[in-house]
Amino acid sequence: MKLLRKTNNEDKKVYWLAFIELFKIKYISKMSIKYKRYYIFGVQVYKKRCVSDFIDEEHFLTFLKTLSKSYKTILFFDHSLGGGTEKYFFDQLINLKKEYLVLRFQYFYVLKVYRLTIYYNDEYKYCQNSEISKLLSIIKKINLKEVVINNLVGYKSTLGILEIVSELKKSVWKNVRLSVRGHDFQAVCPSFNLLNDKFNYCRCPPISECLKCFPKIKVSNNLYANKVLLSGSSDIVLWRKKWNDFFSNNVDEVIFFSNSTKDIFCQVYPTLKNKFVIIPHFVYKLCKVEIKKHRAINIGVLGEINLIQKGKFIIEGMISLIPSKNVKIIIIGTFSKNKYQNVIVTGRYEKEKLPDIIQNEEIDIVFIPSIWPETFSYVTSEAMMMGLPVACFNLGSQAERVSIYDKGLIINEISADIALREIINFIDTRRDNLDK
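All residue numbers for the sequence shown refer to the numbering used here, where the first residue is 997 and numbers rise by one.
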């Protein structure tokens, strides 16, 4: 069976044998094929000959020890949910593999297995086991240069991983650098986008409010997804204490990708600000676009708009309020509903082709509908790089950059009605000024 995984806009070939008992298919048998393939595995499946990159723990350790003689080794603790965090890992891998042997430790919640993958040259091999101790015994026997906590969302027990890493730091990794990446706000709350029980950005209220919200927070109406979200946690006070202790006693640095993210963390962990570092993401270079004059108002939305934290309900609300055929919302990406007269959905796109799509669709402004404070927002950077006007709510890293952008519009109230009206007024005013 050959699996193609989309990473960094490249089709990566992935091979494994159909170890049914190992993958515990019974845990996913009730899910739809689409959900199983994309959201769990992150791959599309095609029937081909079987070639396996899976090896058992004993041979994995032997192979790893042989390679580690020629390379320094870095270990990433990571989630298995794809998205921007995975893109970051593979971007890092491109640079690191020239000098480092890269290990990646993950937990697959649906499969109930831990996986340890070794990346070397342009290849990789992995071993996996339902018992974490089996893989930890391998890790302990390797000399590491650095350990990176890339993301721990979706682990059976995130606090359990913190305890394991803490013990290893005190015993085996005394001279190993330990770094954390701030891709989201999981260290502040298991609701890693900081959406409260009403699906609104909570703005890090007093802990008394958190105690009321915590038992009711959820990521959707899917009970399984909500269980994954909680990562084994049941007490917000204990959650923050454990993370604070972990940062204070073990971590050398926490890397954020925007000032706004650092500021939010400083609200909750003010004594740790000397460990907080800001290193923005690298953004793929895009050329400026030239939009020819036209009568319609075309509001562009980039990406996969299918999660509430990405503003799906804002887009749906705007669609229902569009005042005339002269206004269109053009989703350059995917969207679950495409039955509206004033909506165009172009589908998935390759990054390098984005400027051409923008020009062909005559996009007047890019709207960032996120209702949470994004920690970087690639889309914001890409839109600004192409010279397009950009609108967003007054939240996070997106507002941090749009607020100082000469073609930027900050919308202070999270409302579909207000967003639509302000965007239309902004475009009309801009056109009037350009015509003078």
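For glycine and all other residues, C-beta sits at the position ideal for the given N, C-alpha and C. Nothing here was measured: the structure is a model prediction, and the numbers come from that model.
Between the Cα of residue i and those of the options, spot the shortest distance and give me the residue it belongs to.
i, options, result
"V1424", "V1109, V1323, F1261", "Note on identity: in this sequence residue 1424 is Asp, with Val being the wrong assignment. Checking every option, the nearest Cα to that of D1424 belongs to V1323."
"K1269", "I1251, P1276, S1316, V1285", "I1251"
"V1144", "S1175, N1196, S1411, K1349", "S1175"
"D1052", "N1125, L1317, K1093", "N1125"
"G1307", "T1081, V1264, A1415", "A1415"
"R1236", "K1284, I1260, A1183", "A1183"
Would you check if the distance between the CB atom of residue i and the CB atom of residue j is smaller than 8 Å?
i, j, result
"L1298", "I1328", "yes"
"H1075", "N1189", "no"
"K1141", "I1070", "yes"
"N1222", "K1212", "no"
"L1405", "F1422", "yes"
"A1387", "I1361", "yes"
"I1315", "Y1345", "no"
"P1385", "I1311", "no"
"K1152", "Y1220", "no"
"L1350", "E1396", "no"
"V1273", "E1249", "yes"
In three-state DSSP terms, what is residue i?
i, result
"I1275", "coil"
"R1199", "coil"
"R1433", "Since the displayed the chain opens at 997 and closes at 1432, residue 1433 lies outside it and no answer follows."
"D1193", "coil"
"K1083", "helix"
"L1219", "helix"
"V1161", "helix"
"Y1280", "coil"
"R1033", "In this predicted model, R1033 has a pLDDT of only 34, less than 50, meaning its place in the structure is not dependable; the value taken from the coordinates is given anyway. Note: R1033 maps to helix in three-state DSSP."
"G1150", "coil"
"A1387", "strand"
What are the boundary residues of the alpha helix (DSSP H) that residue i is part of?
i, result
"T1425", "1412-1431"
"G1392", "1392-1398"
"E980", "Any property of residue 980 remains undetermined from this structure, which presents the chain solely from 997 to 1432."
"V1264", "1255-1264"
"S1175", "Counting along the chain, S1175 falls outside any alpha helix (DSSP H), though it belongs to the beta strand (DSSP E) covering 1173-1177."
"K1130", "1128-1135"
"L1350", "1350-1356"
"I1213", "Segment: none, I1213 is in no alpha helix (DSSP H) and carries neither H nor E."
First and last residue of the beta strand (DSSP E) that includes residue i?
i, result
"D1074", "1068-1074"
Give a yes or no on contact between the stretch 1170-1179 and the stretch 1103-1122, applying the rule of three or more CB pairs nearer than 8 Å. No: fewer than three Cβ pairs fall under 8 Å.
Measuring CB atoms only, is the stretch 1121-1141 touching the stretch 1048-1063, in the sense that at least three cross pairs come out at less than 8 Å? Yes, the stretch 1121-1141 is in contact with the stretch 1048-1063.
Whether or not the stretch 1222-1240 and the stretch 1251-1261 are in contact is what I'm after, with contact meaning three or more pairs of Cβ atoms, one per stretch, closer than 8 Å; do they touch? Output reads no: the stretch 1222-1240 does not touch the stretch 1251-1261.
Specify whether the stretch 1111-1118 and the stretch 1091-1099 touch according to this definition: at least 3 beta carbon pairs, one from each stretch, less than 8 Å apart. Contact between the stretch 1111-1118 and the stretch 1091-1099 is present, because at least three Cβ pairs lie under 8 Å.
Check whether the stretch 1194-1211 touches the stretch 1355-1374, taking contact to mean three or more Cβ pairs, one atom from each stretch, closer than 8 Å. Contact between the stretch 1194-1211 and the stretch 1355-1374 is established, with three or more Cβ pairs separated by less than 8 Å.
Taking one C-beta from the stretch 1351-1367 and one from the stretch 1278-1297 each time, how about it: are there three or more such pairs within less than 8 Å? Yes: at least three Cβ pairs fall under 8 Å.
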